[in-house]
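So in numbering that gives the first Met the number 0, spot 83 of the sequence shown is number 82, and the numbers just go up one at a time.
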Amino acid sequence: MTKSTHVPTPTPEKNRLRAAAALIPIIEAGLIDSKISTAQAAPMALFCEWTTENISDDPYAFKLAQAVEIGLKRVKATLATVDH
0 MTKSTHVPTP TPEKNRLRAA AALIPIIEAG LIDSKISTAQ AAPMALFCEW
50 TTENISDDPY AFKLAQAVEI GLKRVKATLA TVDH
């Protein structure tokens with residue numbers, strides 16, 4: 000018997016938040032491994048931040064936004080320590 004999982008209906012908001020959530024670890028790893036510069040990471044982080052503005056009442060979108068915001072705090076901390 001296969002386990003059924005419910006995937007929320009895609010919306011532009013959810014898709015942007017999913018993309019931002021996936022981008023956070025890429026930014027972090029790129030900065031730590033020196034594969035991306037702070038100049039490259041900054042607009043990526045801005046995109047992630049933008050996705051968390053004006054979140055709908057959808058609980059799934061809200062949870063994604065929270066995850067992105069937590070990741071952004073880590074990214075900003077990494078950005079503050081890189082190139083110093």
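Just so you know, even glycine gets a beta-carbon here, dropped at the ideal spot from N, CA and C.
Quick caveat: nothing in here was measured; it's all calculated off a predicted structure.
key: Where Lys34 falls: helix, strand or coil (DSSP)   = coil
inquiry  = Quick check on the burial criterion: 16 or more other C-beta atoms within 10 angstroms. Buried or exposed for Arg15?
reply    = buried
task = Find the nearest neighbour of Ile132 within the set Gln39, Met43, Ala66, judged by alpha-carbon distance.
result = Summary: the structure shown does not reach residue 132, with the chain confined to residues 0 through 83, and so no result is reported for it.
message = Can you tell me whether Ile23 is helix, strand or coil according to DSSP?
response = helix
query = DSSP state of Pro58, grouped into three classes?
reply = helix
key: C-alpha gap between Lys34 and Glu27, whole angstroms   = 10 Å
Option in His5, Ile23, Ile31, Asp32 with minimal Cα separation from Leu45 = Ile23
task = Compare the beta carbon distance of Leu71 and Glu48 with 9 Å and say whether it is the shorter of the two.
result = yes
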